[in-house]
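Participant: Same order as they appear, the protein sequences are chains A and B.
Residues in the first sequence are numbered from 192 upward in steps of one, following my numbering.
Residues in the second sequence are numbered from 6 upward in steps of one, following my numbering.
All C-beta atoms, glycine included, are put in the ideal place defined by N, C-alpha and C.
From a predicted model like this one, the values you see are computed outputs, not experimental measurements.
Sending over a structure as structure tokens; questions will come in a sec.
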Amino acid sequence: MVNITINGQSIQVEAGKTILQAAQAQGIEIPTLCYHKDLNPTGNCRMCIVEVKGGRFLQAACVTPVWEGMDIQTHSEKVTKDRKLTLELMLANHPQDCITCDVSGECELQDLAYEYKASAPKWGSKGGRYPVDSDPNPFIRVDMNRCILCRRCVSACAEIQVRDVWGVAKRGFDEVIVPGAGTTMLEARCESCGQCVAYCPTGALSNKMNYGIARAHQVTKVTTTCSYCGVGCQFDLLKKNDKVIGAQSNPNAPVNGMALCVKGRYGYDYIHHPERLKKPRVRRYLLEGKDKNDIRDSIHDTRNSTSKIESPWDWVEAEWDVALDITAKKLMQIRDQFGADSMGFLTSAKCTNEENYLMNKLARQVVGTNNIDHCARL
Amino acid sequence: MSNSMDDVAQQAKAFFIIGSNTTEQHPVFGTMLRRAVKFRGAKLVVADPRKIDITDFATLHLRQRPGTDIALINGLMYIILEKGWENKAFIDERTENFDEFKAAVMNYPPDVAAKITNVPVKQLYEAAEIIAKNSPMAVLWAMGITQHIVGVRNVMDLANLQMLLGNMGKAGGGVNPLRGQNNVQGACDMGGLPNVYTAYQPVTSDEVHDKFEKAWGATSNTKVGLTVTEMVPGILDGRIRALYILGEDPVMSDPDTKHIRHCFEQIDFLLLQEIFPSETSVYADVLLPGVTFAEKDGTFTNTERRVQMVRKAIPTQGDARDDWWITSQIAKRLLSGTSERVRSEALYTSWDYAGPSAIMSEINALTPSYGGITHQRLEAGERLQWPCPALDHPGTPILHTKQFTRGKGKFAPIEHVPPAEHPDDDYPMLLSTGRVLYHWHGGQMTRRAKGLMEVYGQALVELNPNDAEKLGLNGKNMVRVTSRRGMIEAQAWVTDRVPPGMVYANFHFPNASANELTHAALDPVAKIPEYKIVAVKVELA
């Protein structure tokens, strides 16, 4: 343990901890942009600078370890003035387009500019240098004009996804984040997991699928479990006007934390696909009380023709009571005639435990057969 | 999984992945393994005929000939025994039948194993050393191990390996099958199988039968029912007259599509409960609209037995209904027609559920391993993995820590059996099937996701450059793949992911589904089809 003083308060801190960690443990909030607790600190944005007594320069709290006798000021006049200047330098090179930016309201740069009352200096903002929406990736919208070069995307791809798609090209004023050696994301072997978007503090990387549809204050979040693979990732579904418009990492997810894959994060639009079944359908022959064996020829003809002539095998939309009554009647007929074991039940690995339990109860209690299975084998 | 993803990824010194395309099929767990290798220095042995993405991170990649997993595993165990790397204390204290097992393994000295598997002897020694000397070592597999006529034997042999090395019941070890679907674990746990009730209570047991007879007021007999791979063909011989299918698409997912279609054409009554019209709905008599996960409350159980809440985010679309409601309505109508079947004094005869939470209460009462897993506890933020038998039980992240379910772990002597179908003069190449990162199973959901289709919009057949050159694929990229059952035409992806003589196809697209080619050669115990080995010929289309 080492003894340090933060804002005049003496505390003991475990050796090796950074100033930022020591301050956070005391409930002192030091602003950060490039730092994220999940990623290795890079210390390049200078937002977390603090004054260390005797030091020649302000120190970046996220990368500076504490030492015995360290005396730190986290919010001195010198520090806040310097932070404001840093923000102004960022804003000098950042479009003043919060009014149309899709991450407005959840942008860390915007929040800090607001807190430190920083605005773009008159001498700055010479206009965009990069094409807007510059990458053909269908999920991720790239606008490098909004990038503050924090490199969280680079770290997220390297350290969370371990795919190393993003890198830094050029130096000085021309410095820019690029996929691969300056190619497109997919060419740079991007798996479209969206980890870079989840960690981007600004609107440089955002989600294409809901661009212009809803901003943070317009959505409601519901935490749920992914319906694709067996890993069991959790995330927040974002909804606006009773429509799912996105999926967002939830840092408290037990299995996956912030990580998601392309299907979990971006494979949700089937939910509102126009082909969704919205009303029960029964074959016309059932409504007409006919026997299926008497119409088998026309089933075959209907499947193999494109004609619009009415067929007993046509789908007809029905009310729930009608469809359920017909179903129950047919199932009972078959059970009475051929026995319970003439019926089979395929339950679903896509459905919930509760629904699967009921299928098992239906087959065994109500019908009396063990002919129940699902696609575990397939 | 006997273990949890977290302890495997954080604590294993080595991984042995065999028959799992982890980074494409369990992508987020795949990234956890990549991190373990890259940042923690864990060793990784991948055994897979294909050069799948995770092999980029492998310490060693063994490219065994498809269908020779037992010879490979036995060959590795031979070397482990030869070098004296086995965990003698674990074998003595926690297992039995070692000698009989050892006798079988002695049939697979390195030169024999190398001859069967096509893996060089030197690589066998390297692999054995990595997996034996880095303890704990976790074995991970998926359908690449199970979808064989020897699927059960493959799994048992991997269990042999982990007992031999003493890697059972400890963090970072274990036998870890990665379950495919979001709730395939739960569907099995909930009795969605022909031989067991919930929590694997066998239907053949009189005691279990009496328990459910008493609880429900009626139940099925003690005879094991039919599997999906028996039910569908059972339509043809009249054994099966009606099917109620909930959220499945057998025409896409079952082997030998042409035969499956033929079976469905003959059925008396097919009830399908779905969210979209599917390839299977073509054959349905009644189609009832259920809902997506975004419209329902309930729980899913993941591959590590973790039960998690699913929460309704949006209202039910159109006049669709909750799936539990639909099943209940059918049950109520059937019961009203035959009320004498169910004894009314039983505690759980009723189908009047207030909702998923009430159904879970009934599950809690009748399912030992789910006894303490309530919606209330999950909503309070508790993280529960079964077995969790009581309300005050914290759940079980790692199984078999003190003893196995049967007491001592029983070694099983396992011999190599060749696959059902071999390449021959007519069908000289070998097809394996599976999925890709951007699609899911029969593709009903992902083919309706615009961005996923933009990245991967049509079926691709992986073909080795040598074979492409032999075929004269120069400039033309459509190929015709034919098996004894059927034919597909698809674009070739010329890539060294597959070795010469092998092609790989997926079953996401109805116009070129690999299941047109596959066959219903089944494992005698699990009745799982041998999707991973099909003899085919490949021509220019």
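Based on DSSP bridge pairs, tell me the residues matched to residue 48 of chain B.
Facilitator: In the second sequence, counting from the first residue as 1, residue 48 of chain B sits at position 43. B:19.
Participant: Does the beta-carbon of residue 479 of chain B have 16 or more other beta-carbons within 10 angstroms, so that it is buried, or is it exposed?
Facilitator: In the second sequence, counting from the first residue as 1, residue 479 of chain B sits at position 474. Burial call: exposed.
Participant: List the residues of chain A whose Cβ lies closer than 8 Å to the Cβ of residue 221 of chain B, in chain order.
Facilitator: What you label residue 221 of chain B is simply residue 216 of the second sequence in a count that begins at 1. Within 8 Å Cβ-Cβ: 552, 555, 556.
Participant: Closer than 8 Å is the cut-off here; do at least three beta carbon pairs connect the stretch 307 to 327 of chain B with the stretch 336 to 355 of chain B?
Facilitator: No: fewer than three Cβ pairs fall under 8 Å.
Participant: Taking the C-alpha atoms as reference points, what is the distance between residue 31 of chain B and residue 508 of chain B?
Facilitator: In the second sequence, residue 31 of chain B corresponds to position 26, counting from 1. In the second sequence, residue 508 of chain B corresponds to position 503, counting from 1. Each residue's Cα considered, the two are about 22 Å apart.
Participant: Please tell me whether residue 511 of chain A has its Cβ less than 9 Å away from any Cβ of chain B.
Facilitator: Looking up residue 511 of chain A in the first sequence gives position 320. Chain B contact via Cβ: present.
Participant: With H, G and I counted as helix, E and B as strand and the rest as coil, what does DSSP make of residue 498 of chain B?
Facilitator: Counted from its first residue, the second sequence places residue 498 of chain B at position 493. Three-state DSSP puts residue 498 of chain B in a strand.
Participant: Can you tell which of A:550, A:287, A:541, A:547 has its C-alpha closest to the C-alpha of residue 446 of chain B?
Facilitator: Residue numbering aside, residue 446 of chain B sits at position 441 when the second sequence is read from its first letter. It is A:541.
Participant: Please report whether the beta-carbon of residue 554 of chain B lies at a distance below 9 Å from any beta-carbon of chain A.
Facilitator: The structure shown does not extend to residue 554 of chain B, since chain B is modelled only from 6 to 546, so the question has no answer here.
Participant: Assuming residue 151 of chain B and residue 421 of chain A make a contact with CB atoms under 8 Å, what is their CB distance in whole Å?
Facilitator: The residue you call residue 151 of chain B lines up with position 146 of the second sequence. The residue you call residue 421 of chain A lines up with position 230 of the first sequence. At roughly 14 Å, the Cβ-Cβ gap does not stay under 8 Å, so residue 151 of chain B and residue 421 of chain A are not in contact.
Participant: Contact between the stretch 528 to 542 of chain B and the stretch 432 to 443 of chain B is defined here as three or more beta-carbon pairs at a separation below 8 Å; is this criterion met?
Facilitator: They touch, by the three-pair rule.
Participant: Anything in the stretch 441 to 456 of chain A with a Cβ closer than 8 Å to a Cβ of chain B? List those residues in chain order, please.
Facilitator: For the stretch 441 to 456 of chain A, which is checked against every Cβ of chain B, the residues closer than 8 Å are 445, 446, 447, 450, 451, 452, 453, 454, 455.
Participant: Run through the DSSP bridge pairs and tell me what residue 493 of chain B is partnered with.
Facilitator: One-based indexing of the second sequence puts residue 493 of chain B at position 488. For residue 493 of chain B, which the question treats as bridged, DSSP gives the partners B:486.
Participant: Which residues does DSSP pair with residue 202 of chain A in a beta bridge?
Facilitator: Sequence index remark: in the first sequence, residue 202 of chain A carries index 11 (1-based). Partner(s): A:195.
Participant: Give every residue of the same chain whose Cβ lies closer than 7 Å to the Cβ of residue 483 of chain A, excluding the five residues on either side of it in the sequence, and list them in chain order.
Facilitator: Taking the first sequence and counting its residues from 1, one reaches residue 483 of chain A at position 292. Cβ within range, chain order: 476.
Participant: By the 10 Å Cβ neighbour count, where 16 or more other Cβ atoms means buried, how is residue 368 of chain A classified, buried or exposed?
Facilitator: Residue 368 of chain A sits at position 177 when you count from the first residue of the first sequence. With 16 or more Cβ atoms within 10 Å of its Cβ, residue 368 of chain A is classed as buried.
Participant: Identify every residue that forms a DSSP beta bridge with residue 332 of chain A.
Facilitator: The count along the first sequence starts at 1 and reaches residue 332 of chain A at position 141. A:397.
Participant: Tell me where the alpha helix (DSSP H) around residue 305 of chain A begins and ends.
Facilitator: The residue you call residue 305 of chain A lines up with position 114 of the first sequence. Looking at the DSSP string, the run of the alpha helix (DSSP H) that includes residue 305 of chain A is 299 to 306.
Participant: For residue 193 of chain B, go through chain A and note every residue whose CB falls closer than 7 Å to its CB, in chain order.
Facilitator: As a working note, residue 193 of chain B is residue 188 in the second sequence. Those are 567, listed as they occur along chain A.
Participant: Rounded to whole angstroms, what is the Cα-Cα separation between residue 46 of chain B and residue 138 of chain B?
Facilitator: For this step, residue 46 of chain B is matched to residue 41 along the second sequence. For this step, residue 138 of chain B is matched to residue 133 along the second sequence. The alpha-carbon atoms of residue 46 of chain B and residue 138 of chain B are separated by roughly 14 Å.
Participant: Anything in chain A within Cβ reach of residue 159 of chain B, meaning under 7 Å, just list it in chain order.
Facilitator: Position 154 of the second sequence, counting from 1, holds the residue named residue 159 of chain B. Neighbours of residue 159 of chain B on chain A: none; closest Cβ ~14 Å, over 7 Å.
Participant: The beta strand (DSSP E) spanning residue 341 of chain B covers which residue range?
Facilitator: Along the second sequence, one-based indexing puts residue 341 of chain B at 336. Counting along the chain, residue 341 of chain B falls outside any beta strand (DSSP E), though it belongs to the alpha helix (DSSP H) covering 328 to 342.
Participant: Is the beta carbon of residue 260 of chain B closer than 9 Å to that of residue 234 of chain B?
Facilitator: Position 229 of the second sequence, counted from the first residue, corresponds to residue 234 of chain B. Position 255 of the second sequence, counted from the first residue, corresponds to residue 260 of chain B. Cβ atoms of residue 234 of chain B and residue 260 of chain B: closer than 9 Å.
Participant: Scan the stretch 241 to 260 of chain B for residues whose Cβ lies nearer than 9 Å to a Cβ of chain A and list them as they occur along the chain.
Facilitator: From the stretch 241 to 260 of chain B, only 243, 244, 245, 246, 247, 248, 249, 250, 251, 252, 253, 254, 255, 258, 259, 260 have a Cβ closer than 9 Å to chain A.
Participant: If residue 62 of chain B sits next to residue 42 of chain B, beta carbons under 8 Å apart, how far is it from one beta carbon to the other, in whole angstroms?
Facilitator: By one-based count along the second sequence, residue 62 of chain B stands at place 57. By one-based count along the second sequence, residue 42 of chain B stands at place 37. The pair is a contact, with the Cβ atoms about 5 Å apart (cut-off 8 Å).
Participant: Output, in chain order, the set of chain B residues within a Cβ distance shorter than 9 Å of residue 430 of chain A.
Facilitator: What you label residue 430 of chain A is simply residue 239 of the first sequence in a count that begins at 1. Ordered by position in chain B, the residues that pass the 9 Å Cβ test against residue 430 of chain A are 299, 318, 319.
Participant: At least one CB of chain B closer than 9 Å to the CB of residue 523 of chain A: is that the case?
Facilitator: Mapped onto the first sequence, residue 523 of chain A falls at position 332. Judged by the 9 Å Cβ criterion, residue 523 of chain A is in contact with chain B.
Participant: Could you give the residue range of the alpha helix (DSSP H) that holds residue 470 of chain B?
Facilitator: The residue given as residue 470 of chain B occupies position 465 in the second sequence. Unbroken alpha helix (DSSP H) run through residue 470 of chain B: 470 to 476.
Participant: Does the Cβ of residue 48 of chain B have 16 or more other Cβ atoms within 10 Å, making it buried, or fewer, making it exposed?
Facilitator: Taking the first residue of the second sequence as position 1, residue 48 of chain B is located at position 43. Buried, because 16 or more other Cβ atoms sit within 10 Å of the Cβ of residue 48 of chain B.
Participant: Can you grab the Cα-Cα spacing for the pair residue 197 of chain B / residue 236 of chain B, in whole Å?
Facilitator: Counted from its first residue, the second sequence places residue 197 of chain B at position 192. Counted from its first residue, the second sequence places residue 236 of chain B at position 231. Taking the straight line from one Cα to the other gives about 14 Å.
Participant: Using the C-alpha atoms, what's the distance from residue 526 of chain A back to residue 339 of chain B?
Facilitator: In the second sequence, the residue the question calls residue 339 of chain B occupies position 334. In the first sequence, the residue the question calls residue 526 of chain A occupies position 335. Residue 339 of chain B and residue 526 of chain A: Cα-Cα distance of roughly 10 Å.
Participant: Can you list the alpha helix (DSSP H) stretches of 4 or more residues lying completely in the stretch 122 to 191 of chain B, in chain order?
Facilitator: Runs of the alpha helix (DSSP H) inside the stretch 122 to 191 of chain B: 126 to 138, 148 to 151, 156 to 169.
Participant: Specify, as a first and last residue, the run of the beta strand (DSSP E) that residue 263 of chain A falls within.
Facilitator: In the first sequence, counting from the first residue as 1, residue 263 of chain A sits at position 72. It spans 262 to 264 - the beta strand (DSSP E) in which residue 263 of chain A sits, taken as one unbroken run.
Participant: Which chain B residues are close to residue 228 of chain A, counting only those with a beta carbon under 9 Å from its beta carbon?
Facilitator: In the first sequence, counting from the first residue as 1, residue 228 of chain A sits at position 37. Neighbours of residue 228 of chain A on chain B: none; closest Cβ ~16 Å, over 9 Å.
Participant: Find the residues of chain A that neighbour residue 328 of chain B, judging by a C-beta separation of less than 7 Å, and give them in chain order.
Facilitator: Locating residue 328 of chain B in the second sequence gives position 323, counting from the first residue. Per Cβ cutoff of 7 Å: 542, 546.
Participant: Using a Cβ-Cβ cut-off of 9 Å, state whether residue 226 of chain B counts as contacting chain A.
Facilitator: The residue you call residue 226 of chain B lines up with position 221 of the second sequence. With 9 Å as the cut-off, residue 226 of chain B counts as an interface residue toward chain A.
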